[in-house]
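J.: Take this structure, written in structure tokens, and hold onto it; I'll ask about it next.
Chains as they are written, first to last, in our numbering: chain B, 1 to 178; chain Y, 179 to 288.
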């Protein structure tokens, strides 16, 4: 896990890129003037806001991140179809369940991304991360973290845990190298 | 002419998914299951409507329109977060889950 960027003038490369793209999208144009303005904003705003932000892990493998994004987008579409079918089907046949997934990730930022992916993908909504930091004695780091998820129609608990760990968590570990 | 077909089909698909999400909201027996409809079925529905809007405005105005992509991105970012806040407060208030829900002992006290 790396918290600091290699270039001091570009502390958060991903956020800069995002700012650049968002500025162009907001203006709906790629004219030279907007390109220059977007570049200026993408460099100046992170520099101005970086000192008072909590440092977050940087994306170390952008290629893999892009691949993971496409996988998740594909899963969102299948998830929508699956959930639509489950909703229209008989309600009594559904087997709802709470499942605890042990996490290998330690930093809260990758965990947030994982929880959001789980919420957007088939039949699962993430509910809570255990242990809750406030319940621990002060200053103590949690040993093992769990993600509590609610499943709409549970088939096999172990299989679901394995899928989440392999399909969503392992790439995140690789992307952030933590 | 063709674009009108594309726009209307996309709007219909989007509308259908949003409707299904809302049906899920009424039909499901408990709060936790109800949450699944709005967090998922509606994201694809909104995507359909927004792609329809992109096609429509690209055809009726000069140049292509990509602003709608931003709405999609923000929806994808905010939908899981609001779902998470809802389910977290539901657990905090100890809402009853449907009978037969497995793994209720996985919920820890806070």
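Every residue, glycine too, gets a C-beta built ideally from N, C-alpha and C.
Between residue 216 of chain Y and the rest of its own chain, which residues show a CB-CB distance below 7 angstroms, the 5 nearest in sequence each way excluded?
T.: Within the same chain, residue 216 of chain Y has close Cβ partners 199, 203.
J.: How is residue 148 of chain B classed by DSSP in three states: helix, strand or coil?
T.: Strand.
J.: Look up residue 176 of chain B in the DSSP assignment and give the residues it is bridged to.
T.: Residue 176 of chain B is not bridged to any residue.
J.: Chain Y partners of residue 89 of chain B, CB-CB under 8 angstroms?
T.: Those do not exist, as residue 89 of chain B stays about 10 angstroms from chain Y at its closest Cβ, beyond 8 angstroms.
J.: Can you find a C-beta in chain Y that's less than 8 angstroms from the C-beta of residue 179 of chain B?
T.: Only positions 1 to 178 of chain B appear in this structure, which leaves residue 179 of chain B out of reach.
J.: Would you mind telling me which residues of chain B sit closer than 9 angstroms to residue 275 of chain Y, beta carbon to beta carbon, in chain order?
T.: Chain B residues near residue 275 of chain Y: 96, 98, 150.
J.: With three or more C-beta pairs closer than 8 angstroms as the rule, is the stretch 142-157 of chain B touching the stretch 92-103 of chain B?
T.: With a cut-off of 8 angstroms, the stretch 142-157 of chain B and the stretch 92-103 of chain B count as touching, because enough Cβ pairs lie within range.
J.: Would you call the stretch 53-63 of chain B and the stretch 186-195 of chain Y in contact, with 3 or more CB pairs under 8 angstroms?
T.: No, they do not touch.
J.: Leaving aside the five residues before and after residue 86 of chain B along the sequence, list all residues of the same chain whose C-beta is less than 8 angstroms from its C-beta, in chain order.
T.: Only 94, 123, 152, 153 meet the Cβ criterion.
J.: Run the CB neighbour count on residue 30 of chain B, radius 10 Å, all protein chains shown included, and call it buried at 16 or more, exposed below.
T.: So residue 30 of chain B counts as exposed.
J.: Using a Cβ-Cβ cut-off of 7 angstroms (strictly less than) and excluding sequence neighbours within five positions of residue 38 of chain B, which residues of its own chain qualify?
T.: Within the same chain, residue 38 of chain B has close Cβ partners 20, 23, 24.
J.: If contacts are defined as beta-carbon pairs under 8 angstroms, then residue 228 of chain Y and residue 250 of chain Y qualify, I think. What distance do you get, rounded to the angstrom?
T.: Residue 228 of chain Y to residue 250 of chain Y, Cβ: 5 angstroms. Contact.
J.: Just to make sure I have the definition right: I need the residues of chain B whose C-beta is within less than 7 angstroms of the C-beta of residue 207 of chain Y. Which are they?
T.: Correct list: 91.
J.: Using the DSSP secondary-structure output, state which residues sit across from residue 98 of chain B in a beta bridge.
T.: Answer is B/150, bridged to residue 98 of chain B.
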